[in-house]
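Asks:
6 protein chains.
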Amino acid sequence: MDTFSRFPIPRLDALPDDIRARIVAVHEKAGFIPNVFLAWAHRPEEFRAFFAYHDALLEKAGGLTKAEREMIVVATSAVNHCHYCVIAHGAILRIYAKNPQMADQVAIDHRKADISDRQKTMLDFAVKLARTPEEITDADRQMLKQHGFSEEDIWDIGGITALFALSNRMAHLIEMRANDEFYLLGRTPPAAKEHKS
Amino acid sequence: MDTFSRFPIPRLDALPDDIRARIVAVHEKAGFIPNVFLAWAHRPEEFRAFFAYHDALLEKAGGLTKAEREMIVVATSAVNHCHYCVIAHGAILRIYAKNPQMADQVAIDHRKADISDRQKTMLDFAVKLARTPEEITDADRQMLKQHGFSEEDIWDIGGITALFALSNRMAHLIEMRANDEFYLLGRTPPAAKEHKS
Amino acid sequence: MDTFSRFPIPRLDALPDDIRARIVAVHEKAGFIPNVFLAWAHRPEEFRAFFAYHDALLEKAGGLTKAEREMIVVATSAVNHCHYCVIAHGAILRIYAKNPQMADQVAIDHRKADISDRQKTMLDFAVKLARTPEEITDADRQMLKQHGFSEEDIWDIGGITALFALSNRMAHLIEMRANDEFYLLGRTPPAAKEHKS
Amino acid sequence: MDTFSRFPIPRLDALPDDIRARIVAVHEKAGFIPNVFLAWAHRPEEFRAFFAYHDALLEKAGGLTKAEREMIVVATSAVNHCHYCVIAHGAILRIYAKNPQMADQVAIDHRKADISDRQKTMLDFAVKLARTPEEITDADRQMLKQHGFSEEDIWDIGGITALFALSNRMAHLIEMRANDEFYLLGRTPPAAKEHKS
Amino acid sequence: MDTFSRFPIPRLDALPDDIRARIVAVHEKAGFIPNVFLAWAHRPEEFRAFFAYHDALLEKAGGLTKAEREMIVVATSAVNHCHYCVIAHGAILRIYAKNPQMADQVAIDHRKADISDRQKTMLDFAVKLARTPEEITDADRQMLKQHGFSEEDIWDIGGITALFALSNRMAHLIEMRANDEFYLLGRTPPAAKEHKS
Amino acid sequence: MDTFSRFPIPRLDALPDDIRARIVAVHEKAGFIPNVFLAWAHRPEEFRAFFAYHDALLEKAGGLTKAEREMIVVATSAVNHCHYCVIAHGAILRIYAKNPQMADQVAIDHRKADISDRQKTMLDFAVKLARTPEEITDADRQMLKQHGFSEEDIWDIGGITALFALSNRMAHLIEMRANDEFYLLGRTPPAAKEHKS
Numbered sequence: 019m020d021t022f023s024r025f026p027i028p029r030l031d032a033l034p035d036d037i038r039a040r041i042v043a044v045h046e047k048a049g050f051i052p053n054v055f056l057a058w059a060h061r062p063e064e065f066r067a068f069f070a071y072h073d074a075l076l077e078k079a080g081g082l083t084k085a086e087r088e089m090i091v092v093a094t095s096a097v098n099h100c101h102y103c104v105i106a107h108g109a110i111l112r113i114y115a116k117n118p119q120m121a122d123q124v125a126i127d128h129r130k131a132d133i134s135d136r137q138k139t140m141l142d143f144a145v146k147l148a149r150t151p152e153e154i155t156d157a158d159r160q161m162l163k164q165h166g167f168s169e170e171d172i173w174d175i176g177g178i179t180a181l182f183a184l185s186n187r188m189a190h191l192i193e194m195r196a197n198d199e200f201y202l203l204g205r206t207p208p209a210a211k212e213h214k215s
Numbered sequence: 019m020d021t022f023s024r025f026p027i028p029r030l031d032a033l034p035d036d037i038r039a040r041i042v043a044v045h046e047k048a049g050f051i052p053n054v055f056l057a058w059a060h061r062p063e064e065f066r067a068f069f070a071y072h073d074a075l076l077e078k079a080g081g082l083t084k085a086e087r088e089m090i091v092v093a094t095s096a097v098n099h100c101h102y103c104v105i106a107h108g109a110i111l112r113i114y115a116k117n118p119q120m121a122d123q124v125a126i127d128h129r130k131a132d133i134s135d136r137q138k139t140m141l142d143f144a145v146k147l148a149r150t151p152e153e154i155t156d157a158d159r160q161m162l163k164q165h166g167f168s169e170e171d172i173w174d175i176g177g178i179t180a181l182f183a184l185s186n187r188m189a190h191l192i193e194m195r196a197n198d199e200f201y202l203l204g205r206t207p208p209a210a211k212e213h214k215s
Numbered sequence: 019m020d021t022f023s024r025f026p027i028p029r030l031d032a033l034p035d036d037i038r039a040r041i042v043a044v045h046e047k048a049g050f051i052p053n054v055f056l057a058w059a060h061r062p063e064e065f066r067a068f069f070a071y072h073d074a075l076l077e078k079a080g081g082l083t084k085a086e087r088e089m090i091v092v093a094t095s096a097v098n099h100c101h102y103c104v105i106a107h108g109a110i111l112r113i114y115a116k117n118p119q120m121a122d123q124v125a126i127d128h129r130k131a132d133i134s135d136r137q138k139t140m141l142d143f144a145v146k147l148a149r150t151p152e153e154i155t156d157a158d159r160q161m162l163k164q165h166g167f168s169e170e171d172i173w174d175i176g177g178i179t180a181l182f183a184l185s186n187r188m189a190h191l192i193e194m195r196a197n198d199e200f201y202l203l204g205r206t207p208p209a210a211k212e213h214k215s
Numbered sequence: 019m020d021t022f023s024r025f026p027i028p029r030l031d032a033l034p035d036d037i038r039a040r041i042v043a044v045h046e047k048a049g050f051i052p053n054v055f056l057a058w059a060h061r062p063e064e065f066r067a068f069f070a071y072h073d074a075l076l077e078k079a080g081g082l083t084k085a086e087r088e089m090i091v092v093a094t095s096a097v098n099h100c101h102y103c104v105i106a107h108g109a110i111l112r113i114y115a116k117n118p119q120m121a122d123q124v125a126i127d128h129r130k131a132d133i134s135d136r137q138k139t140m141l142d143f144a145v146k147l148a149r150t151p152e153e154i155t156d157a158d159r160q161m162l163k164q165h166g167f168s169e170e171d172i173w174d175i176g177g178i179t180a181l182f183a184l185s186n187r188m189a190h191l192i193e194m195r196a197n198d199e200f201y202l203l204g205r206t207p208p209a210a211k212e213h214k215s
Numbered sequence: 019m020d021t022f023s024r025f026p027i028p029r030l031d032a033l034p035d036d037i038r039a040r041i042v043a044v045h046e047k048a049g050f051i052p053n054v055f056l057a058w059a060h061r062p063e064e065f066r067a068f069f070a071y072h073d074a075l076l077e078k079a080g081g082l083t084k085a086e087r088e089m090i091v092v093a094t095s096a097v098n099h100c101h102y103c104v105i106a107h108g109a110i111l112r113i114y115a116k117n118p119q120m121a122d123q124v125a126i127d128h129r130k131a132d133i134s135d136r137q138k139t140m141l142d143f144a145v146k147l148a149r150t151p152e153e154i155t156d157a158d159r160q161m162l163k164q165h166g167f168s169e170e171d172i173w174d175i176g177g178i179t180a181l182f183a184l185s186n187r188m189a190h191l192i193e194m195r196a197n198d199e200f201y202l203l204g205r206t207p208p209a210a211k212e213h214k215s
Numbered sequence: 019m020d021t022f023s024r025f026p027i028p029r030l031d032a033l034p035d036d037i038r039a040r041i042v043a044v045h046e047k048a049g050f051i052p053n054v055f056l057a058w059a060h061r062p063e064e065f066r067a068f069f070a071y072h073d074a075l076l077e078k079a080g081g082l083t084k085a086e087r088e089m090i091v092v093a094t095s096a097v098n099h100c101h102y103c104v105i106a107h108g109a110i111l112r113i114y115a116k117n118p119q120m121a122d123q124v125a126i127d128h129r130k131a132d133i134s135d136r137q138k139t140m141l142d143f144a145v146k147l148a149r150t151p152e153e154i155t156d157a158d159r160q161m162l163k164q165h166g167f168s169e170e171d172i173w174d175i176g177g178i179t180a181l182f183a184l185s186n187r188m189a190h191l192i193e194m195r196a197n198d199e200f201y202l203l204g205r206t207p208p209a210a211k212e213h214k215s
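Protein chains in written order, with the numbering used here: chain A, 19 to 215; chain B, 19 to 215; chain C, 19 to 215; chain D, 19 to 215; chain E, 19 to 215; chain F, 19 to 215.
Structure (C-alpha cells):
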C-alpha cells in the first residue's frame, strides 16, 4: 500500500473524520481511491488546504468548460513531466471531453493537438506560466482576451496552472505514482460504449 | 488601492467575516496590510485555502528554523523573478534571521551567500525543485539526508517550494506588487537598533 | 485521407511496386496502414532509405530486447514532443513489453518509470544524445558499459536515437498524425486478454 | 586507421562489393576517402540506408541550390557542435558556393553571415527544427513560403535538417573525426586558383 | 581584510601611486573603500584598464541619465546572479534615481518594475545582450530607435552591458563580496531624509 | 570601409596620435589592419581601455602558453557565436599553436578537439564562466588546481574569458566583421611551408 509514495501512507482508520469521509466518498464515486488522497493524507492540514484549493478552481462555475480545465492540468503537468498528474488527469480529461485521444495529444504537444485555436492559445499561456512565469506580461493577457477569455477566465487559467505547479512538485518530491485504474479510463469512445450496452 | 494587482481589490467591509478578521489581525500585528491578503481576497475560497496551506507549512513545528523556511521562499521566488515574494519574504527573512544582508544575498545567488553548507544544500534542492522538478531524484533526497535533514524536513522543504511555485505564478498572473513598508523592514541590524534605544 | 500530413498523400496504385508491396504487407499484418508509410511514400527514395534504416536497427539481432529498442524510441520522441512517434511506438512498446503502463510512464518521465536501473541508464544516455548530443562524452559510454552494455549495444542505442531524431523532425515538419488504432493497442494486460478468450 | 572513430573500422577488402565500390568511387573522385564512409561501413546495412537517404536529398533536383543544401548542413551541424559535419560539409559548401568564407560564417552565426535574407530565413527554420523541433508550427512554414520557397522546397529543407540530426548524433556517438584534407579544401577563392593555373 | 575575494588583497602602501591615489580619493568621497577597488588592485594593469573603461562609459555625457546607466548594470548583473554588482550598483541606482525601491525591482524583474516603457525596452535589449548576445539582430536596434534612442545611446547601452559582462564574470571568479555599507545606502527616500535633518 | 561595423569608422588621420600610432604599428606587423582596431576607434577612450586590458592579459608572462590563451578566446567566443572573434583569434591560435586544425576543432566542440585533458578542463571552466557564470563554484577552481593550474593561472583563465565576454558583446552590438585575411592565416602547416620555400 505504500508503494506509490516515498513517504508513509496513513491507515484510513487513523485519519481525522473529515479526511476519511472525503476519501470514502471519492472511493464510492470512482470505484477506487486515487493515490493523491492517501499520499496527501500524511499531512492532514495540507490535505485540507490542497483539496479546498482544488475544488475552488476545478469545481466552480465560470467560462471554462470542465474539459478545458483538465486540458490545462494535463498540458502543464506534461511539461513538468509529472507521472501522477498526466496519467490521472489525462483520464479525467478523456471522460469530460468524451474524447479518448485528446489527453495523449495534449500531453505530447498541445500545439499539434485536435483542439481549437482558442484552446491552443489558452494552453500556450498556461505552459508559459508553468515553466517561465517571469515571461508572462500584459501582452499575454491581451492575447487571451482577443480569444474571448474574460478577466475571471484568465484568473482561472492562471490559478489552475499555479495549483498544479504546486501539485507537480509535490508529486516529484514524494515520487507519487498513479493508480492502475487511470490508464484505461475513458479510452473507449462514448459511441463504442453505447454499442456495447 | 487597486494599483498592486491587475484584478479588482475588494473593500474590506465587503469581505466574508473570517477573511476580514484575518486581515484585521495581520494589520494590527504588522502595522499595514500586506498586499497579498487583499489581492487574494478577490477569491475568498482561494484565499482561505492559500493561507491554510501557508500556515500548515510556515507555522508548524519541525526541524527547519523559521529563517530557513523563509530562505527557501526567497531563493525559489528569486529564480522565479517574483517581485512580491522576494521583497515581502526578504523582509521576513531579515527579521527572523536577525540579519540585514542575508535576504539580498540569497535572492541574488544562494551559492555565494553567507549561510552554512547545510543551508546551501537545502537551497540547491529547493531551487532545482522550483525550476526543473523532473530532475529531482532519490540522489537529491539522499544528499539532504547526508546533511542531517529528516524525512519530514524534506517534505517541508519541498512543500514550501511547491507552495511558492503556486504563489509566484499567481503574483506574475496578477502583477502583484509589494507594499512600500517591506523594502526597509529588518534592514537595520538588531545590535544597532539596541544602541538606538 | 490527407488529414494526417501537411503534404500530399499518394494513392496506393500510383506507388512503385516495392513500396506498395511493403504497405500491403504491413496492412495485412497490422490490420491498418500506419500513417508513416503513406506520409513518407510522397518521397519514394526517402521511403526506401528510411525503412531500410529502420529495419537495420529495429529488427536486427543484438543485446537489446525489442521492448528496450521501443523504449528508446518512446523516451526520445517524448522529449522531442513527437505526436506520431510517441503514440505509435508507445503502442508497439506496450505490445512488446506485454505491459500496458510502461509506455505512458516512459513518455512522461523515464526516471520515474517502472523499469530497471540498467534501462534508466540506457534512457538517460538516449535522451541526452537526443537533445544535447554535444554533451555526450566518453564518460557516458563508460556508464553504459558499467551496466553491461556492449560496444555494439551502444551503437544500437545511439543509432535508434539518431534515427528517431530524424523521424521526429520529419513528423513535426509535416505535422504527421497517428492512426486512431494506436491509441488502444496493447492497453489491456495480456492476462486480462486470456481471461476474455 | 581507427583513430577517427571509437568503433572498429573495417578493412576495404572485407566489405561487401557494393559498399567497397562506392568507397572506391568516392576515393577516385575526391582523392581521399572521407572518414564517414569507413566509419559507417562498420554497419553495412546502415551504410546503405544512410547514403541512399543522403543522395535522395542532396543530389535530387529541386528549388534549392547545392550550396543552399550544404548551408543547411553546416548551420544545423554547427548548433549541434558536430566536428565531422561542420568541417567536411564546410569544405563542400566552400566549393559549391565558390566562396571561401561562407562556411565559417554560417557555422559561427548564420544570422550575421553574408547570405541573402531568404537564405537567413531558410536557416532560421532549419536551426529551429534542428534544436527545438516541437516549436515548428504552421507560421514557420508560412514564413518560408513568403520568401518564395515551395512546398517541396520546405520538405527538402526539413529533410536535410532531419538527416543531419541523425548524422550529427552518430558522429558524437562514435566521436568521428574529419579528414585532414577537408580543412583546406575550397579556401582559396576561385579567382586566385585561376591565377595559379 | 581578505575575506571579500578568493585572491590576495594588496596592502594600500604596496600599490603603485596612481592606484593608491584613486583608492584614497574614492575613500574620501564615499566614506569607505568599495571592495572592487582592492580586489582588482591585485592586478594593477587590469585595475587601470577596468576603471578607465568604466569611467569612459559611466561618466561620459550622452543621452542616457546616470540612473539609466545604473539600471543597465543592475538588470544585467542580476540575470548573471552577481552578488557584488547587484548590491553595490543597486545602492548607486537608489542614489542616482533618488528612489529607494527601483533597484530591488529592476534586479528581481525589470519587466514589472516601476520604470517607463522606454526604460523597459532598454533593459530588454541589455538583458538579451547579456545572456544571449548572438540573438541580437538589427530588429533589436530598431526597437531601441523607435523608443528614441540614438545610435550613440545604443553603443552606450551595449557598452555598459558588455563591461559588466566582464565585471560579473570576474566577481564570480574571485567570489567578490560587497561592502556592508552598500546594503543600506539610498534606502531612505530623499523626502524622509529631509524630514530627519 | 564602413562595411565591417554598424557604427561609423573614423579616418586614420582624424584619430588621436596614440591610437593612430598603435594602428600603424599593427598594420606594419600584420600587413593589414584588423577591423577591431578601426571599429573600436570610434570611441577613443574605450579603445585605449580595451587594448590596455587585452595586453595585460594576453601579453603578460604566466603559466598559460600563448596558444592556450587563444584557445580560451576561441572556445568562449564560439559559444557566444561571435563572428569576428572566432575568425580572427582562430587565425592567431593556428599561428601560435603551429597547428592548422586546432582552431576549427576548438570552435566546434572543445570536448572533442585534439588537445590535452588539462586543456579540456581549462576550456570547460572557461565556457562555463562564459555562459553561466553563476554556476562557477569553488569545486570548479579545485578542478583546475588538480590539473596543475596555479591561482594566478586561474585568474588569467577567468580574466581572458571575462574580457572576451565584453568583446563578443560589442562585436554583436556593432555587427563587427572579420577581415578577409584572417580566413587563410595559419592554415598551411609549418612543415608544409618549409617544404615550399
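Think of the CB as a built atom: it goes at the ideal place given N, C-alpha and C, for glycine as much as any other residue.
Apply the 10 Å Cβ neighbour rule to Thr83 (chain E) and answer buried if 16 or more other Cβ atoms are within range, or exposed otherwise.
Replies: When all chains shown are included, Thr83 (chain E) counts as exposed.
Asks: Secondary structure at Gln164 (chain E), three-state DSSP: helix, strand or coil?
Replies: If DSSP states are grouped into helix, strand and coil, Gln164 (chain E) belongs with the helices.
Asks: Quick test of your reading: Val92 (chain F) and His107 (chain F), contact by CB under 8 Å. State the CB separation rounded to the nearest angstrom.
Replies: 5 Å between Cβ atoms; contact.
Asks: In whole angstroms, give me the CA-to-CA distance for Ile37 (chain B) and Leu184 (chain A).
Replies: Each residue's alpha carbon lies about 23 Å from the other.
Asks: Residues in the stretch 112–132 of chain D with C-beta within 7 Å of chain F's C-beta atoms, listed in sequence order?
Replies: Correct list: Pro118, Gln119, Asp122, Gln123, Ile126, Asp127 and Lys130.
Asks: Is Ile37 (chain B) near the ligand GTP, judged by its Cβ being under 6 Å from some heavy atom?
Replies: This structure lacks the ligand GTP, and indeed carries no ligand of any kind.
Asks: Which of the three DSSP states, helix, strand or coil, is assigned to Lys138 (chain F)?
Replies: Residue state, collapsed to three classes: helix.
Asks: Note down, in chain order, every chain F residue with its Cβ under 8 Å from the Cβ of Arg38 (chain D).
Replies: Neighbours of Arg38 (chain D) on chain F: none; closest Cβ ~29 Å, over 8 Å.
Asks: Who are the neighbours of Arg24 (chain C) on chain A, taking C-beta pairs under 8 Å?
Replies: Under the 8 Å cutoff, chain A gives no residues; its nearest Cβ is about 11 Å from Arg24 (chain C).
Asks: On the criterion of 16 or more Cβ atoms from any shown chain inside 10 Å, does Ala77 (chain E) qualify as buried, or is it exposed?
Replies: According to the sequence provided, residue 77 (chain E) is Glu. The question's Ala does not apply to it. Looking at its Cβ environment, which holds fewer than 16 other Cβ atoms inside 10 Å, Glu77 (chain E) is exposed.
Asks: Work out the CA separation of Ser168 (chain F) and Ile178 (chain B) for me, nearest whole Å.
Replies: Rounded to the nearest angstrom, the two C-alpha atoms are 42 Å apart.
Asks: Compute the distance between the beta-carbons of Met161 (chain B) and Ala57 (chain B), then report whether it is under 7 Å.
Replies: No, the pair does not count as a contact, with Cβ atoms beyond the cut-off.
Asks: Decide if Pro26 (chain D) is buried, meaning its Cβ has at least 16 other Cβ atoms within 10 Å, or exposed.
Replies: Pro26 (chain D) is exposed by the Cβ-count criterion.
Asks: Quick one: what's got a C-beta closer than 7 Å to Phe182 (chain D)'s C-beta in the same chain, skipping five residues either side?
Replies: Same-chain partners within the cutoff: Val91, Thr94, Ser95 and Cys103.
Asks: Of all the options B:Pro28, B:Gly166 and B:Asp122, which has the alpha carbon lying nearest to the alpha carbon of Asp135 (chain B)?
Replies: Checking every option, the nearest Cα to that of Asp135 (chain B) belongs to B:Gly166.
Asks: State the Cα-Cα distance for the pair Asp221 (chain D) and Ile41 (chain D), rounded to the nearest angstrom.
Replies: Since the displayed chain D opens at 19 and closes at 215, residue 221 (chain D) lies outside it and no answer follows.
Asks: Taking Cβ positions, are Arg217 (chain A) and Ala121 (chain A) nearer each other than 7 Å?
Replies: As displayed, chain A neither begins before 19 nor continues past 215, which places residue 217 (chain A) out of reach and without an answer.
Asks: Quick one: what's got a C-beta closer than 7 Å to Ala85 (chain B)'s C-beta in the same chain, skipping five residues either side?
Replies: Here the set comprises Leu111, Tyr114 and Ala115.
Asks: Kindly say whether Ile90 (chain B), judged by its beta-carbon, lies nearer than 7 Å to any beta-carbon of chain A.
Replies: By this cut-off, Ile90 (chain B) is not an interface position.
Asks: When you check each C-beta in the stretch 133–157 of chain F against every C-beta of chain E, which residues fall closer than 7 Å?
Replies: Answer in chain order: Leu147, Pro151, Glu152 and Ile154.
Asks: For Val104 (chain D), would you say it is in contact with chain F, using Cβ-to-Cβ distances shorter than 7 Å as the test?
Replies: Cβ-Cβ to chain F under 7 Å: yes for Val104 (chain D).
Asks: Going by CA-CA distance only, name the one from A:Glu170, A:Val145, A:Asp158 and A:Arg129 that's closest to Ala79 (chain A).
Replies: Residue A:Glu170 is the option with its Cα nearest to Ala79 (chain A).
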